[in-house]
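Peer 1: The structure is given below, and queries will be raised subsequently.
Protein chains in written order, with our numbering: chain A, 1 to 95; chain B, 1001 to 1547.
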């Protein structure tokens, strides 16, 4: 049954770059979203928590990126997620 | 899980592991010792020569020190308890204006006491670099100084380490239930090492996840803050920690009007029962922003820093100014942030947790050592029945085995030599000479050089015995000091200091056992391995059909 699925492409360079670059975008966008959504916390606490949020998301993306079937899919999914987060941020900022 | 994923993540695990294994060994071995940084400082400190002052006389000591040494007013500390590494009750430090926050080398240390006549007596002293240096080794994976670029090296290592953890779990997951409780001790040595590597890795996984993420944060937080300041905070991040300006521009204040140290301690203990104060840090006491931080620990709570937490009190009115950093009294947000620090630094739960972290740290060091051994073993050229002689092993596996042996045992030898040598040099040459770094790197590079010169198999047993001997010299040095005080050596009788001696003794015994077991393995093992000594060129072919 397993051999009916398409093989997983290695795509080391493009997957790693997607995890590194888009992981950074995701991580900073997630920290920005946290910063907007927890505006009732004092700035010193909110800012520190936002900083602590960046490495887990970034390294999580970098570690999970090799599960994508190909480098192209990694770029599309992570890029889509980044666009979604950034769009949400923009909407929150405009509203 | 599809086997494709396992294969891909196995490559990730192999590469990230082999790139960082030896650096992480140093970080974890030195880090395990750093849990006991204060006992190490107490063990290595020479006997105090300054006259002790009671807490009741402390107000006099403070007033007169401030009068004669105004540069102490910015930030000085009053210690509530005696310890070997604190030469006097009152002390302060002067930092060079352009120095790095983490760089201790340019800091000048002063200690103040009162003589019999009640006059202030101030000594400038040089505390041993040893505890700080072991801490630095663990912060920057064996590099000599805790600077920004070195921390970035550590950050890259921590990021790769996080990838190694993720990939290691992915590789193990499909067979976790089958493999978890299996430690197949037997003739297949690689299987046994792999089982042990897996079980230690999975059991201490939460510890390692914490260490990887916090280490990455400690390395890169300046950069992340700077970027977030632009993206999130509109450049206002710097103002988040500014205290409000004092209402009245008060003139110079008279420190004689401050509450006594005992009164400040009592206030803190009434405010937070269970909190055990250890020292008072006075800041800018002659200015309008005077504050005293009552530092201490509460074993039932999370401490925001390795040395505990503090209650900020106005030393003139006794009013509590901030409990943001007081263990057990923090707001939820601050508690979450503090717990990240506490989870890295074992700053919760008292000495039981510290010992647990010590063991987990050493187990972590072993995890990276065993990972390198498995890398070597996987690339082994096996002797088949048709081969009359054992095949020559691959060059890269021979070099990796030598590097692993040299770096790991070199680090152990270097730290033990720096501890022992520091004490002997002080006894022989006085406080002017501090050769901590020199001794460490001399031993470290000598071990690596020798391992490459003669190969892993020939160097590993002598290096283990060397590490055993140097570590045994730690309690022997103290014993010499106790038996022969005329030698200039010394031994402290506090439990903290004796604990260092006893732990070193246990470490020496463990290293001796490893040396004996390794010697047996090399003598009796198969010849087709980087761990065999090919001196016995008449290796019996009969061993080939053993497995």
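The C-beta atom is built at its ideal place from N, Cα and C for all residues, glycine as well.
Identify whether residue 1131 of chain B lies in helix, strand or coil by the three-state DSSP scheme.
Peer 2: Here residue 1131 of chain B sits in helix by DSSP.
Peer 1: Taking the alpha carbon of residue 1021 of chain B as the point to measure from, which residue in B/1368, B/1452, B/1478, B/1158 has its own alpha carbon closest?
Peer 2: Closest option to residue 1021 of chain B, Cα to Cα, is B/1368.
Peer 1: Should residue 1273 of chain B be listed as close to the ligand MG, given that the test is whether its C-beta is under 7 angstroms from any heavy atom?
Peer 2: Judged by which ligands are present, the structure shown has none, so any question about the ligand MG falls away.
Peer 1: Answer yes or no: does any C-beta atom of chain B fall closer than 8 angstroms to that of residue 2 of chain A?
Peer 2: Residue confidence is low: residue 2 of chain A scores 47 on pLDDT, short of 50, so the model does not pin down where it sits. No coordinate-derived value is stated.
Peer 1: Residue 1238 of chain B to residue 1305 of chain B, Cα distance in whole Å?
Peer 2: Taking the straight line from one Cα to the other gives about 21 angstroms.
Peer 1: Quick check: the region 1370-1382 of chain B against the region 1506-1525 of chain B, are at least 3 beta-carbon pairs closer than 8 angstroms?
Peer 2: Segments in contact, no.
Peer 1: Should the region 1207-1227 of chain B be regarded as contacting the region 1145-1156 of chain B, the criterion being three or more beta carbon pairs within less than 8 angstroms?
Peer 2: They touch, by the three-pair rule.
Peer 1: Let me know if residue 1546 of chain B comes out buried or exposed under the rule of 16 or more other beta-carbons within 10 Å of its beta-carbon.
Peer 2: For residue 1546 of chain B, the predicted structure reports a pLDDT of 38, less than 50, and the residue's modelled location is therefore unreliable. A value from the coordinates is still provided. Looking at its Cβ environment, which holds fewer than 16 other Cβ atoms inside 10 Å, residue 1546 of chain B is exposed.
Peer 1: Can you pull the chain A neighbours of residue 1224 of chain B, defined as C-beta to C-beta under 7 angstroms?
Peer 2: Those within 7 angstroms of residue 1224 of chain B in chain A are 51, 54.
Peer 1: Cβ of residue 1159 of chain B less than 8 angstroms from any chain A Cβ?
Peer 2: It does: the Cβ of residue 1159 of chain B has a partner Cβ on chain A nearer than 8 angstroms.
Peer 1: Give the interface partners of residue 1427 of chain B over in chain A, defined as CB-CB distance under 7 angstroms, in chain order.
Peer 2: None at all; the shortest Cβ gap to chain A is about 46 angstroms.
Peer 1: Determine, using beta carbons only, whether residue 1363 of chain B and residue 1200 of chain B come nearer to each other than 8 angstroms.
Peer 2: Yes, these two residues count as a Cβ contact at 8 angstroms.
Peer 1: So, at 7 angstroms on beta carbons, what are the nonlocal neighbours of residue 1471 of chain B in its own chain, with the 5 sequence-adjacent residues on each side left out?
Peer 2: Excluding sequence neighbours, residue 1471 of chain B sits near 1416, 1504, 1507, 1508, 1511.
Peer 1: Quick one: give me the first and last residue of the beta strand (DSSP E) that residue 1122 of chain B is part of.
Peer 2: Start and end: 1120-1125.
Peer 1: Do the CB positions of residue 1551 of chain B and residue 1164 of chain B come within less than 8 angstroms of each other?
Peer 2: This structure gives no information on residue 1551 of chain B, because the portion of chain B shown stretches from 1001 to 1547.
Peer 1: Any beta-carbon of chain B closer than 8 angstroms to the one on residue 28 of chain A?
Peer 2: By this cut-off, residue 28 of chain A is an interface position.
Peer 1: Going along chain A, which residues have a C-beta under 7 angstroms from residue 1237 of chain B?
Peer 2: By Cβ distance, chain A contributes 47.
Peer 1: Does DSSP put residue 1485 of chain B in a helix, a strand or coil?
Peer 2: Three-state result, residue 1485 of chain B: helix.
Peer 1: State buried or exposed for residue 1477 of chain B, treating a residue as buried only when at least 16 other CB atoms are found within 10 Å of its CB.
Peer 2: Flag for residue 1477 of chain B reads buried.
Peer 1: What would DSSP say about residue 1113 of chain B, mapped onto helix, strand or coil?
Peer 2: DSSP places residue 1113 of chain B in strand when its eight states are reduced to three.
Peer 1: Tell me which residues share the same chain as residue 23 of chain A and place their Cβ nearer than 6 angstroms to its Cβ, disregarding the 5 neighbours each side in the sequence.
Peer 2: Hits under 6 angstroms: 58, 61, 62.
Peer 1: At what residues does the alpha helix (DSSP H) containing residue 1042 of chain B begin and finish?
Peer 2: Start and end: 1037-1044.
Peer 1: Can you tell me which of the three DSSP states residue 1304 of chain B falls into?
Peer 2: Residue state, collapsed to three classes: coil.
Peer 1: Check whether the Cβ atoms of residue 1215 of chain B and residue 1134 of chain B sit closer than 8 angstroms, and answer yes or no.
Peer 2: No.
Peer 1: Express the C-alpha separation of residue 1374 of chain B and residue 1387 of chain B in angstroms, rounding to a whole number.
Peer 2: Taking the straight line joining both Cα atoms gives about 24 angstroms.
Peer 1: Starting from residue 32 of chain A, find everything on chain B with Cβ-Cβ shorter than 9 angstroms and list it in chain order.
Peer 2: Result: 1228, 1231, 1232.
Peer 1: Ordered along the chain, which non-local residues of its own chain (more than five positions away) have a Cβ less than 6 angstroms from that of residue 1061 of chain B?
Peer 2: Only 1053, 1090, 1114 meet the Cβ criterion.
Peer 1: At 7 angstroms on the CB atoms, spell out the chain A contacts of residue 1241 of chain B, in chain order.
Peer 2: Residues of chain A passing the Cβ test: 44.
Peer 1: Among all the DSSP beta bridges, which residues are the ones paired with residue 1384 of chain B?
Peer 2: None, per the DSSP bridge assignment.
Peer 1: Which term fits residue 1082 of chain B, buried or exposed, when burial requires 16 or more other beta carbons within 10 angstroms of its beta carbon?
Peer 2: The residue is exposed, with fewer than 16 neighbouring Cβ atoms inside 10 Å.
Peer 1: Sort A/65, A/52, A/41, A/11 by Cα distance to residue 28 of chain A and report the nearest one.
Peer 2: Measuring from the Cα of residue 28 of chain A, the nearest candidate turns out to be A/52.
Peer 1: Relative to chain A, which residues along the region 1001-1016 of chain B have a C-beta separation below 9 angstroms, given in chain order?
Peer 2: Under the 9 angstroms Cβ criterion, the region 1001-1016 of chain B contributes 1002, 1003, 1004, 1005, 1007, 1008, 1009, 1011, 1012.
Peer 1: Using only CA atoms, which one of B/1431, B/1450, B/1421 lies nearest to residue 1437 of chain B?
Peer 2: The residue with the shortest Cα to Cα distance from residue 1437 of chain B is B/1421.
Peer 1: Tell me which residues share the same chain as residue 1354 of chain B and place their Cβ nearer than 8 angstroms to its Cβ, disregarding the 5 neighbours each side in the sequence.
Peer 2: Answer for residue 1354 of chain B: 1035, 1036, 1346, listed in chain order.
Peer 1: Indicate the three-state DSSP secondary structure (helix, strand or coil) for residue 8 of chain A in the structure shown.
Peer 2: Three-state DSSP puts residue 8 of chain A in coil, outside helix and strand.
Peer 1: With burial defined as no fewer than 16 other Cβ atoms inside 10 Å of the residue's Cβ, what is the status of residue 1410 of chain B: buried or exposed?
Peer 2: The residue in question, residue 1410 of chain B, is buried, as its Cβ has 16 or more Cβ neighbours within 10 Å.
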